[in-house]
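Quick notes on the structure that follows.
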Amino acid sequence: MAEVYILGAGPAGAGAAAELERLGIDYILIDRASFPRSKPCGGVLPWRAVEELRLPGDVAERWLEGYRIFSPSLEKVESRFPSRGAVVRRSALDAYLLSLLEKKPSRVRVVRVREKADRVELLTDDGKLSADYLIAADGANSVARRSLGIHYTKLALACQYVLELPEGAVEERIGGWFEVYYLFSRGYGWLAPLRSCVKAGIGGLGSSFSRRALDSFIRATPVAEKLAGGKVIRYQAHRIPMQGPAERLATERAVLAGDAGGFVFPGTGEGIYYAIKSGAAAARAVAQAMEGDALAGSYEEELKGAGLLSLRGVHFLEEVLASPEHAERYVRRLKKLFQ
Ligand SMILES: Cc1cc2nc3c(=O)[nH]c(=O)nc-3n(C[C@H](O)[C@H](O)[C@H](O)COP(=O)(O)OP(=O)(O)OC[C@H]3O[C@@H](n4cnc5c(N)ncnc54)[C@H](O)[C@@H]3O)c2cc1C
Numbered sequence: 000m001a002e003v004y005i006l007g008a009g010p011a012g013a014g015a016a017a018e019l020e021r022l023g024i025d026y027i028l029i030d031r032a033s034f035p036r037s038k039p040c041g042g043v044l045p046w047r048a049v050e051e052l053r054l055p056g057d058v059a060e061r062w063l064e065g066y067r068i069f070s071p072s073l074e075k076v077e078s079r080f081p082s083r084g085a086v087v088r089r090s091a092l093d094a095y096l097l098s099l100l101e102k103k104p105s106r107v108r109v110v111r112v113r114e115k116a117d118r119v120e121l122l123t124d125d126g127k128l129s130a131d132y133l134i135a136a137d138g139a140n141s142v143a144r145r146s147l148g149i150h151y152t153k154l155a156l157a158c159q160y161v162l163e164l165p166e167g168a169v170e171e172r173i174g175g176w177f178e179v180y181y182l183f184s185r186g187y188g189w190l191a192p193l194r195s196c197v198k199a200g201i202g203g204l205g206s207s208f209s210r211r212a213l214d215s216f217i218r219a220t221p222v223a224e225k226l227a228g229g230k231v232i233r234y235q236a237h238r239i240p241m242q243g244p245a246e247r248l249a250t251e252r253a254v255l256a257g258d259a260g261g262f263v264f265p266g267t268g269e270g271i272y273y274a275i276k277s278g279a280a281a282a283r284a285v286a287q288a289m290e291g292d293a294l295a296g297s298y299e300e301e302l303k304g305a306g307l308l309s310l311r312g313v314h315f316l317e318e319v320l321a322s323p324e325h326a327e328r329y330v331r332r333l334k335k336l337f338q
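In terms of numbering that gives the first Met the number 0, the sequence shown opens at residue 0 and continues consecutively.
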């Protein structure tokens with residue numbers, strides 16, 4: 000029995016743990032993986048995340064100048080960050096976030112969550128755990144979310160290769176830019192530069208976002224030219240929530256943070272920064288619930304205060320990724336804005 004369990008030790012779980020420590024509240028952090036662990040991810044961090052995390056140089060594989068966005072007709076627009084962003088390997092970033100905590104995660108796999116009137120029960124491979132409160136930060140396929148009866152309608156599939164390029168090629172062909180390609184309906188492709196490798200991926204809604212489609216993406220112009228001579232060293236696939244934060248994000252004793260709650264920007268798949276912020280908001284809401292406030296109401300207020308509910312008003316899928324024509328118009332509008 001613990002007062003607060005945090006399920007999942009990725010960015011959302013680490014963000015929640017750091018905030019509970021700041022508030023002086025004890026917690027137990029659990030994850031089925033042992034760290035450092037890998038997570039399929041472009042690893043792109045915008046400038047504000049780099050600033051807030053004071054990201055160390057050895058965690059940043061490459062500093063980023065901004066986004067380079069391509070329309071279906073390969074019209075290009077560059078959106079420069081006000082200060083540098085970064086591309087990271089998730090094994091390094093997540094280990095770094097955990098290194099900032101006083102406690103380390105325990106290795107436990109949760110198979111189901113059950114809410115009772117006076118506690119939350121976590122059914123694990125190894126027996127039952129009970130807590131007063133649960134911060135569920137167990138990612139896009141969240142067991143907690145499904146156990147609590149909260150369902151997503153738009154859970155995209157994303158596939159990604161890590162390719163090693165000939166010496167100097169990453170710098171010369173991509174440099175410090177995260178490239179986003181709006182070439183398809185209901186999804187997009189990307190190139191994220193590391194030191195000598197590139198992450199090349201596609202993600203979106205529907206069965207067309209498969210490894211075969213990823214193969215076509217990396218063979219198409221201009222991506223193929225940028226990846227020429229590249230050797231695939233890893234293939235990964237995972238889900239990305241694309242509908243924005245769920246309408247119901249909390250019960251009386253459990254809150255959903257990070258991907259489990261749908262905190263991802265659907266135009267780029269960016270979720271790391273929102274995961275950390277929503278984890279911290281969840282921790283503050285739990286602190287208020289301990290004082291007698293309703294958990295769901297407190298969480299909604301904390302999310303609003305942190306600006307995270309604006310993700311609910313982003314209709315990127317419907318307005319930009321609806322068709323190549325929509326995407327073309329969007330990129331042309333951006334071009335007028337930025338150039
Ligand atoms: C291909 C791809 C590319 C992406 N690119 C970017 C990008 O460039 N930039 C960006 O900001 N975001 C990107 N994202 C999104 C980003 O990866 C997520 O938003 C982010 O990881 C969310 O953090 P989280 O802590 O909520 O979940 P996760 O990082 O998924 O962490 C969840 C943790 O919960 C644990 N867990 C899960 N289930 C259980 C269980 N049953 N029992 C115990 N432990 C469990 C897992 O082991 C894991 O450690 C990408 C996603 C994908 C799939």
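Virtual Cβ for every residue (Gly too), placed ideally from N, Cα, C.
Contacting residues, own chain, Cβ-Cβ under 8 Å from residue i (five flanking each side not counted)
i	result
glutamate 74	Glu327, Val330, Arg331, Lys334
tryptophan 176	Leu63, Glu64, Gly65, Tyr66, Arg67, Glu77, Pro192
arginine 47	Tyr272
serine 322	Ser184
serine 72	Glu327
leucine 307	Pro244, Phe262, Tyr273, Lys276, Ser277, Ala280
Other residues of its chain near residue i: CB distance less than 6 Å, five sequence neighbours each side excluded
i	result
glutamine 235	Pro39, Gln159
isoleucine 232	Val161, Glu163
leucine 213	Cys158, Ile201
glycine 339	The requested residue 339 is not part of the displayed model; the chain covers only 0 to 338.
tyrosine 4	Ile27, Ala130, Leu133
serine 146	Arg111, Val112
arginine 247	Ile149
alanine 1	Ile27, Ala130
proline 45	Gly84
alanine 249	Leu294, Ala295, Tyr298
Residue i (DSSP reduced to helix, strand or coil)
i	result
lysine 335	helix
arginine 118	coil
proline 81	strand
alanine 155	strand
phenylalanine 340	A query on residue 340 cannot be resolved here, the shown segment of the chain reaching from 0 to 338 and no further.
lysine 225	helix
valine 110	strand
serine 105	strand
glycine 61	Strictly speaking, residue 61 in this sequence is arginine, with glycine absent from that position. Note: arginine 61 maps to strand in three-state DSSP.
valine 285	helix
glutamate 324	helix
serine 141	coil
alanine 94	helix
valine 86	strand
lysine 127	strand
leucine 52	helix
alanine 293	coil
alanine 305	coil
7 Å Cβ shell around residue i - same chain, five flanking residues per side excluded
i	result
lysine 225	Arg172, Ile173, Leu190
valine 49	Arg83, Gly84, Ala85
alanine 15	Ile5, Ile134, Ala136, Ala256, Gly278, Ala279, Ala281, Ala282
alanine 94	Phe34, Pro35
Chain B within 8 Å of residue i, Cβ atoms only
i	result
threonine 152	Judged by its chain identifiers, the structure shown contains no chain B, having just a single protein chain.
Span separating the alpha-carbon of residue i from that of residue j
i	j	result
leucine 302	aspartate 292	15 Å
leucine 54	phenylalanine 80	16 Å
leucine 154	aspartate 258	10 Å
arginine 252	arginine 185	35 Å
arginine 211	arginine 118	46 Å
alanine 139	leucine 204	14 Å
glutamate 60	glutamate 166	15 Å
proline 265	leucine 316	7 Å
arginine 89	glycine 9	9 Å
leucine 52	glycine 304	19 Å
glutamate 128	leucine 320	Position check: residue 128 holds leucine in this sequence, whereas glutamate was assumed. Straight-line Cα distance between these residues: approximately 43 Å.
phenylalanine 34	serine 195	24 Å
glutamate 290	serine 297	11 Å
serine 209	valine 222	17 Å
alanine 295	valine 254	8 Å
arginine 31	glutamate 101	19 Å
arginine 218	histidine 325	24 Å
aspartate 25	glutamate 299	23 Å
alanine 11	histidine 314	23 Å
isoleucine 239	glycine 56	28 Å
leucine 121	arginine 21	25 Å
histidine 237	serine 37	12 Å
Rounded distance between the beta-carbons of residue j and residue i, thought under 8 Å
i	j	result
valine 86	valine 43	6 Å
tyrosine 273	valine 285	Tyrosine 273 to valine 285, Cβ: 18 Å. No contact.
proline 104	leucine 97	7 Å
valine 197	valine 169	6 Å
tyrosine 151	glutamine 242	6 Å
glutamate 178	phenylalanine 337	Going by Cβ atoms, the distance from glutamate 178 to phenylalanine 337 rounds to 15 Å, so no, they are not a contact pair.
arginine 311	proline 244	5 Å
Segments assigned beta strand (DSSP E), at least 3 residues, entirely inside the stretch 227 to 266: If we require 3 residues or more, the beta strand (DSSP E) runs fully inside the stretch 227 to 266 come out as 230 to 240, 253 to 255.
Start-end ranges of the beta strand (DSSP E) lying completely within the stretch 164 to 217, minimum 3 residues: Runs of beta strand (DSSP E) with 3 or more residues, each lying fully within the stretch 164 to 217, are found at 176 to 180, 186 to 192, 196 to 203, listed in chain order.
Every unbroken beta strand (DSSP E) within the stretch 0 to 32, with a cutoff of 3 residues, ordered by chain: Correct list: 1 to 6, 27 to 30.
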